[in-house]
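Structure first, then comments.
Protein chains: 2
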Amino acid sequence: MANEKKIDCVILGLLSHEELTGYEIKKRMDTALKYFWSASYGSIYPALNDLVNRDLATKREDSNSKRNKLIYTITENGREYLKKWLSLPVEKDELRYETLLKLFFGSEKGEEQALIHIEAFEKKIEEELPYLLYAETILNKSLNDDSAHKYYLLTVEFGIKTYQTYLEWCKEARKLLA
Amino acid sequence: MANEKKIDCVILGLLSHEELTGYEIKKRMDTALKYFWSASYGSIYPALNDLVNRDLATKREDSNSKRNKLIYTITENGREYLKKWLSLPVEKDELRYETLLKLFFGSEKGEEQALIHIEAFEKKIEEELPYLLYAETILNKSLNDDSAHKYYLLTVEFGIKTYQTYLEWCKEARKLLA
DNA sequence: CGTACAATATATCAGACTGATATATTAAAT
DNA sequence: ATTTAATATATCAGTCTGATATATTGTACG
Chain A
336 MANEKKIDCV
346 ILGLLSHEEL
356 TGYEIKKRMD
366 TALKYFWSAS
376 YGSIYPALND
386 LVNRDLATKR
396 EDSNSKRNKL
406 IYTITENGRE
416 YLKKWLSLPV
426 EKDELRYETL
436 LKLFFGSEKG
446 EEQALIHIEA
456 FEKKIEEELP
466 YLLYAETILN
476 KSLNDDSAHK
486 YYLLTVEFGI
496 KTYQTYLEWC
506 KEARKLLA
Chain B
336 MANEKKIDCV
346 ILGLLSHEEL
356 TGYEIKKRMD
366 TALKYFWSAS
376 YGSIYPALND
386 LVNRDLATKR
396 EDSNSKRNKL
406 IYTITENGRE
416 YLKKWLSLPV
426 EKDELRYETL
436 LKLFFGSEKG
446 EEQALIHIEA
456 FEKKIEEELP
466 YLLYAETILN
476 KSLNDDSAHK
486 YYLLTVEFGI
496 KTYQTYLEWC
506 KEARKLLA
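Just so you know, the sequences run in chain order A and B.
336 is the number of the first residue of the first sequence in our numbering; add one for each residue after it.
336 is the number of the first residue of the second sequence in our numbering; add one for each residue after it.
Rendered as C-alpha cells:
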C-alpha cells in the first residue's frame with residue numbers, strides 16, 4: 336500500500352461524493368481541483384477501467400441517455416482504499432512554476448523580458464481570483480448544508496490567500512527590476 | 336520550437352551560469368530551484384547526453400580529479416536555444432499539493448485526520464523557511480556583485496512570501512476545523 | 001429548416017519524467 | 001582500520017501529459 340497511483344485516489348475521492356462519468360471527472364478536476372491538482376483524459380480513462388478490474392469501482396451504461404455514457408460508482412472496497420490513502424502521510428507537495436524558472440535565468444535576456452513574464456503571470460492570477468472569491472461566498476453560505484463543504488472551503492481559502500500573495504509579489508518584483 | 340523539453344531548458348540555464356557535472360546539476364536543483372522546480376537523475380543524465388548530441392553542450396572528462404567525472408559546458412548554440420526559450424511565453428505553471436487533495440476529500444475521514452495533514456504541512460514549511468530567509472540576506476548583500484543575483488532574489492522573495500502565507504493559512508485552517 | 005459550432009463523451013499513444021535501483025569510488029568519522 | 005556519508009553516473013518500469021482521433025448531441029443564427 337506504499338505507492339498508490341495518485342490518479343486512482345483522486346478519482347475515488349470524486350466518486351466518493353457522487354457517481355460520475357470520465358468526462359464529468361475531468362470537469363471536476365478542471366474546476367474544483369484546478370488550483371492544486373490536474374489530470375488528463377489519458378490517465379483518467381485507463382485508470383477507470385483499472386479501478387473496475389480491481390473492484391474499487393463499478394461501471395454501468397446510462398439507460399436514460401442516448402449517449403454512449405459510462406457511469407462509474409465507488410464500491411465498498413474503493414471507499415476503504417480511499418480512507419486508507421487519506422490516513423497515510425502526504426508523500427509530496429510540489430510547485431512547478433515555469434514563470435519562476437524563466438525569471439531565475441532571467442539575466443540572460445534582461446529586465447524587459449522578465450517584466451513580460453511577470454505581467455503575464457499577474458494577468459492570469461487576476462483572471463482566476465474572482466472564481467475563487469465566488470466559490471468562497473457560495474461555500475460560506477452553504478456551510479451547514481453539507482459536511483464536505485467545510486473541506487472544500489479550506490482549499491478555496493488556500494487558493495485565495497496564495498493568489499493574493501502572488502499579486503503582491505508581482506508588484507514588488509516589478510519594483511525590484513525597475 | 337514549440338515543445339521544448341523542460342529538462343533541457345533547466346540544464347542549459349544552469350550551464351549558462353557555470354560548467355557543471357550531472358551530479359552538481361542535481362544539487363543546484365535541490366537547493367536553488369527546490370522551491371519551484373525539481374528533476375531526477377533519471378531525466379538529467381539522458382538529457383545531458385542528448386544535449387551533447389545536438390551540439391547544445393559539450394562534455395569532457397575532468398583531468399584534475401581521480402573520479403570518473405564528466406563536466407558539461409554550454410555551447411553558443413545552447414545559449415541561443417536558451418535565449419529563445421526565455422523569450423517564449425510560459426506554457427504552464429502548476430501546483431500539485433497532495434496535502435490539499437487529502438483535505439478536499441477530508442470529510443471521508445474527519446477533522447482529526449485533516450488536522451494531522453495540516454500540522455505536517457506546517458512543520459515542513461517552518462523547517463524550510465529559514466533557508467529562504469538566509470538566502471535573502473546573502474543575496475541582498477551581494478546584489479551588486481553579480482547581475483544574476485537580482486533574478487535569484489526575485490524567486491527567493493516569491494518563496495518567502497508564499498511560505499509565510501501558507502503558515503497564516505494553516506492557522507486559519509485549524510480554526511475552521513476546530 | 002439547415003448548417004455550422006460548441007459541448008459531450010470515450011479512447012489511444014508517443015514521449016517526458018519520476019522513483020527506485022545498481023554500481024563504484026573517494027572523503028570523513030570514529 | 002573500518003564503517004559511513006558523499007560523490008558520481010546510469011538505466012528502467014511505471015506514471016502521466018498533451019496530442020490526436022472519433023462520434024454524437026445541443027445550440028445559435030440566419
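Glycine included, each C-beta is placed from N, C-alpha and C at the ideal position.
From a predicted model like this one, the values you see are computed outputs, not experimental measurements.
Problem set entry | Beta-carbon separation (whole angstroms), Glu471 (chain A) vs Ile495 (chain A), contact threshold 8 Å | Here residue 471 (chain A) is taken as the residue at index 136 of the first sequence, counted from 1. Here residue 495 (chain A) is taken as the residue at index 160 of the first sequence, counted from 1. Correct: roughly 6 Å between the Cβ atoms.
Exercise. In chain B, which residues lie less than 7 Å from Ser422 (chain A) when you measure between Cβ atoms?
Worked result: Numbered from its first residue, the first sequence carries residue 422 (chain A) at position 87. Within 7 Å Cβ-Cβ: Lys444, Gln448.
Problem set entry | Under 9 Å by beta carbon: chain A residues contacting Gly377 (chain B) | Position 42 of the second sequence, counted from the first residue, corresponds to residue 377 (chain B). In chain A, no part has a C-beta under 9 Å from the C-beta of Gly377 (chain B); the shortest such distance is about 16 Å.
Exercise. Under 8 Å Cβ-Cβ, which residues of chain A neighbour Thr410 (chain B)?
Worked result: By one-based count along the second sequence, residue 410 (chain B) stands at place 75. Close partners of Thr410 (chain B) in chain A (Cβ separation under 8 Å) are lacking, with about 14 Å as the shortest Cβ gap.
For this session: Would you list, in chain order, the members of the region 425–439 of chain B that have their beta-carbon closer than 7 Å to a beta-carbon of chain A?
Result: Per Cβ criterion, the list reads Val425, Glu426, Lys427, Asp428, Glu429, Leu430, Arg431, Tyr432, Glu433, Thr434, Leu435, Leu436, Lys437, Leu438, Phe439.
Problem set entry | Cβ shell of Leu391 (chain B) (< 8 Å), same chain only, five flanking positions each side left out | Indexing the second sequence from 1 puts residue 391 (chain B) at position 56. Contacts found: Asp343, Leu347, Ile409, Thr410, Asn412, Gly413, Tyr416.
Exercise. Which of the residues in the region 483–496 of chain A, read from start to end, lie with their CB under 8 Å from any CB of chain B?
Worked result: Cβ contacts with chain B: Ala483, Lys485, Tyr486, Tyr487, Leu488, Leu489, Thr490, Glu492, Phe493, Lys496.
Exercise. Does the beta carbon of Thr366 (chain A) come closer than 9 Å to any beta carbon on chain B?
Worked result: Here the question's residue 366 (chain A) lines up with position 31 in the first sequence. No - not a single Cβ of chain B is within 9 Å of the one on Thr366 (chain A).
For this session: For Thr500 (chain B), return the contacting residues in chain A, with the cut-off set at a CB-CB distance below 7 Å.
Result: Residue 500 (chain B) sits at position 165 when you count from the first residue of the second sequence. Those within 7 Å of Thr500 (chain B) in chain A are Lys496, Thr497, Thr500.
Problem set entry | Reduced DSSP secondary structure (H/G/I, E/B, other) of Leu368 (chain B) | As a first step, residue 368 (chain B) is located in the second sequence; it is residue number 33 there, counting from the start. In the three-state scheme derived from DSSP, where H, G and I count as helix and E and B as strand, Leu368 (chain B) is classed as coil.
For this session: Give a yes or no on whether 9 Å exceeds the smallest Cβ distance from Leu417 (chain B) to chain A.
Result: Counting from 1 along the second sequence, the entry for residue 417 (chain B) is found at position 82. Interface residue (Cβ-Cβ distance to chain A less than 9 Å): Leu417 (chain B) is classified as such.
Problem set entry | First through last residue of the beta strand (DSSP E) which encompasses Leu430 (chain B) | Taking the second sequence and counting its residues from 1, one reaches residue 430 (chain B) at position 95. It spans 428–432 - the beta strand (DSSP E) in which Leu430 (chain B) sits, taken as one unbroken run.
For this session: Could you work out which residues of chain B lie near Leu511 (chain A), taking near to mean beta carbons separated by less than 9 Å?
Result: As a position in the first sequence, residue 511 (chain A) is number 176, starting the count at 1. Chain B residues near Leu511 (chain A): Lys485, Leu488, Leu489, Glu492.
Problem set entry | Residues near Asp385 (chain B) by beta carbon distance below 8 Å, same chain, minus five either side | Your numbering for residue 385 (chain B) matches position 50 in the second sequence. Answer for Asp385 (chain B): Asp343, listed in chain order.
Exercise. Should Tyr370 (chain A) be flagged as near chain B, meaning a C-beta pair shorter than 9 Å?
Worked result: As a working mapping, residue 370 (chain A) is identified with position 35 in the first sequence. Answer yes: the Cβ-Cβ gap between Tyr370 (chain A) and chain B drops below 9 Å somewhere.
For this session: Would you mind sorting Lys437 (chain A) into buried or exposed? The rule is 16 or more other CB atoms within 10 Å of its CB.
Result: Locating residue 437 (chain A) in the first sequence gives position 102, where the first residue counts as 1. Around the CB of Lys437 (chain A), 16 or more other CB atoms lie within 10 Å, so the residue is classed as buried.
For this session: Could you spell out where the beta strand (DSSP E) holding Ala513 (chain B) opens and where it closes?
Result: Here the question's residue 513 (chain B) lines up with position 178 in the second sequence. Run containing Ala513 (chain B): none; DSSP gives neither H nor E here.
Problem set entry | Simplified DSSP assignment, three categories, for Leu435 (chain B) | Translated into positions along the second sequence, residue 435 (chain B) becomes position 100. Of the three classes helix, strand and coil, the one that applies to Leu435 (chain B) here is helix, per DSSP.
Exercise. Where does Thr408 (chain B) sit, in a helix, a strand or coil, going by DSSP?
Worked result: As a working note, residue 408 (chain B) is residue 73 in the second sequence. Reduced to three states, the DSSP call for Thr408 (chain B) is strand.
Exercise. Does the beta-carbon distance from Tyr432 (chain B) to Leu464 (chain B) come in below 9 Å?
Worked result: As a working mapping, residue 432 (chain B) is identified with position 97 in the second sequence. As a working mapping, residue 464 (chain B) is identified with position 129 in the second sequence. No, these two residues do not count as a Cβ contact at 9 Å.
Problem set entry | 8 Å Cβ shell around Gly357 (chain B) - same chain, five flanking residues per side excluded | Numbered from its first residue, the second sequence carries residue 357 (chain B) at position 22. Excluding residues up to 5 positions away in sequence, Tyr376, Ile379, Tyr380, Leu383, Leu405, Tyr407 lie with their Cβ nearer than 8 Å to the Cβ of Gly357 (chain B) in the same chain.
Problem set entry | Interface residues of the region 458–470 of chain B facing chain A [CB-CB below 7 Å] | Those residues of the region 458–470 of chain B that come within reach of chain A (Cβ to Cβ, closer than 7 Å) do not exist; the list is empty.
Problem set entry | Beta-carbon spacing of Thr500 (chain A), Asp428 (chain B) below 9 Å | Counting from 1 along the first sequence, the entry for residue 500 (chain A) is found at position 165. Counting from 1 along the second sequence, the entry for residue 428 (chain B) is found at position 93. Note that the C-beta distance between Thr500 (chain A) and Asp428 (chain B) is not below 9 Å.
Problem set entry | Terminal residues of the alpha helix (DSSP H) in which Ala316 (chain A) lies | Outside the displayed span of chain A (336 to 513) sits residue 316 (chain A), for which this structure offers no information.
For this session: Following the continuous beta strand (DSSP E) through Thr472 (chain B), name the residue where it begins and the one where it ends.
Result: By one-based count along the second sequence, residue 472 (chain B) stands at place 137. Unbroken run through Thr472 (chain B) is the alpha helix (DSSP H), 446–476; no beta strand (DSSP E).
Problem set entry | Near-chain A residues of the region 338–356 of chain B - C-beta to any C-beta below 9 Å | Residues are counted here when their Cβ sits less than 9 Å from a Cβ of chain A; for the region 338–356 of chain B these are Lys341, Cys344, Val345, Leu347, Gly348, Leu349, Ser351, His352, given in chain order.
For this session: Could you tell me the boundaries of the beta strand (DSSP E) in which Lys394 (chain A) lies?
Result: If you number the first sequence from 1, residue 394 (chain A) lands on position 59. Secondary structure note for Lys394 (chain A): its beta strand (DSSP E) is the uninterrupted segment 392–396.
For this session: For the alpha helix (DSSP H) holding Asp343 (chain B), just list the boundary residues, first then last.
Result: Translated into positions along the second sequence, residue 343 (chain B) becomes position 8. Segment 341–352, the alpha helix (DSSP H) holding Asp343 (chain B).
Exercise. Going by C-alpha distance, which of B:Phe493, B:Gln448, B:Glu396, B:Trp504 is nearest Lys419 (chain A)?
Worked result: The residue you call residue 419 (chain A) lines up with position 84 of the first sequence. Selected option, being the one with the closest Cα: B:Gln448.
For this session: Output the distance between the C-alpha atoms of Glu339 (chain A) and Leu511 (chain A), rounded to the nearest integer angstrom.
Result: Taking the first sequence and counting its residues from 1, the one referred to as residue 339 (chain A) is at position 4. Taking the first sequence and counting its residues from 1, the one referred to as residue 511 (chain A) is at position 176. Distance between the alpha carbons of Glu339 (chain A) and Leu511 (chain A) is about 43 Å.
For this session: Assuming Thr490 (chain A) contacts Phe439 (chain B) (C-beta within less than 8 Å), just tell me the rounded distance between them.
Result: Stepping through the first sequence from its first residue, residue 490 (chain A) is reached at position 155. Stepping through the second sequence from its first residue, residue 439 (chain B) is reached at position 104. The C-beta distance from Thr490 (chain A) to Phe439 (chain B) rounds to 5 Å, short enough to meet the 8 Å contact threshold.
Problem set entry | Leu355 (chain A) (DSSP reduced to helix, strand or coil) | As a working mapping, residue 355 (chain A) is identified with position 20 in the first sequence. Leu355 (chain A) falls in the strand class under three-state DSSP.
Exercise. For Cys505 (chain A) versus Ile473 (chain A), is the C-beta distance shorter than 9 Å?
Worked result: The sequence position of residue 505 (chain A) within the first sequence is 170, counting from 1. The sequence position of residue 473 (chain A) within the first sequence is 138, counting from 1. A distance of 9 Å or more separates the beta carbons of Cys505 (chain A) and Ile473 (chain A).
Exercise. Using CA coordinates, which residue listed in B:Ser442, B:Leu421, B:Ser422 is at the minimum distance from Ser422 (chain A)?
Worked result: If you number the first sequence from 1, residue 422 (chain A) lands on position 87. Cα-wise, what sits closest to Ser422 (chain A) is B:Ser442.
For this session: Under 8 Å by Cβ, that's how I've got Ala508 (chain B) and Pro424 (chain A) pegged, so tell me the actual separation to the nearest angstrom.
Result: Residue numbering aside, residue 508 (chain B) sits at position 173 when the second sequence is read from its first letter. Residue numbering aside, residue 424 (chain A) sits at position 89 when the first sequence is read from its first letter. Between Pro424 (chain A) and Ala508 (chain B) the Cβ distance is about 17 Å, and since that is not below 8 Å, they are no contact.
Problem set entry | Cβ neighbour criterion (16 or more within 10 Å) applied to Tyr486 (chain B) | Translated into the one-based positions of the second sequence, residue 486 (chain B) becomes position 151. With 16 or more other Cβ atoms within 10 Å, it is buried.
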